[in-house]
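In the numbering used here, the protein residues as written are 56 to 401.
One structure is given below, encoded as structure tokens.
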């Protein structure tokens with residue numbers, strides 16, 4: 056299997072990384088089975104976070120006896136040094152380990168630096184000196200914070216959304232990380248569910264030797280797809296390049312990536328799905344989105360308070376209230392075009 060060296064960390068990981076956010080949605084038994092199957096079929100890098108409910112605990116259950124044979128990264132969303140130490144100790148306990156290979160600041164609004172008054176970076180350095188973490192990284196969805204991290208020289212890795220729908224701005228981040236020997240970890244390689252052709256997504260990632268994609272895995276069928284690419288790697292042919300160009304054209308303009316940083320909504324709107332409903336109807340089996348449950352969720356858009364919190368928190372600078380309204384109008388038009396049976400999923 057193709058491998059990636061995560062910049063100056065010198066950690067060598069397989070091109071398939073396991074994104075462990077989705078395993079919080081399945082039972083511990085199912086999760087342990089998936090994790091161990093992934094490891095014994097060649098995946099050696101697993102990414103989780105303190106914020107992913109029991110994901111760390113499931114990794115600990117799966118790997119405590121073979122800890123030294125794999126690479127684990129996790130994250131803290133702490134805003135103070137006190138919260139940092141609490142998160143770190145909890146992660147070590149849940150993961151059943153005495154060290155974390157890569158510890159990352161989890162999508163901070165600003166890039167933590169020494170002397171900024173938060174004490175966060177100083178705590179990270181102290182944890183590294185104590186051997187509790189081995190390498191320092193940062194994750195983000197904001198270009199400004201990502202550039203601050205790169206230019207600071209303080210971080211060994213950057214985790215950022217990256218897929219074949221990426222713009223030139225994201226490609227510039229990848230190039231800058233490679234130039235500075237900084238590992239680049241690609242989250243949302245399937246664009247939060249907008250990309251359905253995983254072979255095409257993998258073929259694109261394979262073109263970037265310094266990029267480590269982490270694929271969110273919840274089902275064995277999903278894992279098997281990515282494992283199959285280790286045996287027979289998809290190639291970015293001219294036909295696939297044309298497919299990518301068409302996809303990018305179809306998705307040009309402002310669209311919700313589904314990251315969820317706009318949540319929770321004070322009006323109870325499930326923004327991270329409702330704000331991209333038009334796309335999901337075109338790109339996924341439509342029946343799943345036409346149920347009575349989803350009709351009720353979309354109807355909540357009528358109760359939008361226009362408080363602006365979602366717009367303020369969107370790392371992509373989207374006008375979220377306007378996007379919600381547009382998707383609601385499209386949804387209602389789509390519903391009217393269906394028979395009563397189709398519109399309730401029957």
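Heads up, the beta-carbon is just placed ideally off N, CA and C, and yes, glycines get one too.
- In this structure residue 289 does not touch residue 263 by the C-beta definition: roughly 14 Å separates them, more than the 8 Å allowed.
- Here residue 59 carries a strand assignment [DSSP, helix/strand/coil].
- According to DSSP, residue pairing for residue 355 in a beta bridge does not occur.
- Look at the segment 261-316 and you find these whole runs of beta strand (DSSP E), each 3 residues long or longer: 266-271.
- For residue 87, the enclosing alpha helix (DSSP H) starts and ends at 83-95.
- Note that the C-beta distance between residue 68 and residue 342 is not below 9 Å.
- The residue among 296, 92, 154 with its C-alpha nearest the C-alpha of residue 186 is 154.
- Every unbroken stretch of the alpha helix (DSSP H) spanning 4 or more residues and falling wholly within the segment 125-206 is given here in chain order: 136-150, 175-184.
- Just so you know, the alpha carbons of residue 358 and residue 313 end up roughly 20 Å apart.
- Cβ-Cβ distances below 6 Å link residue 352 to 325 in the same chain, with the five nearest sequence neighbours on each side left out; the list follows chain order.
- Residue range 375-391 is occupied by the alpha helix (DSSP H) that includes residue 376.
- For the pair residue 78 and residue 66, the CB atoms are not nearer than the 9 Å cut-off.
- The segment 200-239 contains, as complete alpha helix (DSSP H) runs of 4+ residues, the segments 223-234 (chain order).
- With fewer than 16 other Cβ atoms from the protein chains shown falling within 10 Å of its own Cβ, residue 169 counts as exposed.
- Residue 84 and residue 91 have their C-alpha atoms spaced approximately 11 Å apart.
- Counting along the chain, residue 69 sits inside the beta strand (DSSP E) bounded by residues 67-69.
- The secondary-structure analysis by DSSP pairs residue 242 across a beta bridge with 216.
- Cβ-Cβ separation between residue 269 and residue 241: approximately 7 Å, consistent with a contact (criterion under 8 Å).
- Under the three-state reduction of DSSP output, residue 100 falls in the strand class.
- Proximity to residue 301 across 147, 219, 135 peaks at 219, based on C-alpha coordinates.
- Residue burial annotation: residue 74 is buried, with at least 16 other C-beta atoms found within 10 angstroms of its C-beta.
- Less than 9 Å divides the Cβ of residue 229 from the Cβ of residue 265.
- Inter-segment contact for the segment 176-190 and the segment 156-168 is present: three or more beta-carbon pairs are separated by less than 8 Å.
- About 5 Å separates the beta carbons of residue 368 and residue 317, which is inside the 8 Å limit, making them a contact pair.
- DSSP places residue 115 in the uninterrupted alpha helix (DSSP H) bounded by 110-118.
- Around the beta carbon of residue 110, 16 or more other beta carbons lie within 10 angstroms, which makes this residue buried.
- It is roughly 14 Å from the alpha-carbon of residue 327 to the alpha-carbon of residue 344.
- Secondary structure note for residue 326: its alpha helix (DSSP H) is the uninterrupted segment 326-329.
- Secondary structure at residue 363: coil, using DSSP grouped into helix, strand and coil.
- One thing to note: residue 375 has its Cβ within 9 Å of the Cβ of residue 330.
- If you look at residue 323, you'll find it isn't in any beta strand (DSSP E); DSSP assigns it neither H nor E.
- The shortest CA-to-CA distance from residue 334 to any of 378, 283, 72 is the one to 378.
- Rounded to whole angstroms, the Cβ separation of residue 143 and residue 131 is 7 Å, and the two are in contact under 8 Å.
- Between residue 309 and residue 226, the CB-CB gap reaches or exceeds 9 Å.
- Beta-bridge annotation (DSSP): residue 73 is paired with 101, 270.
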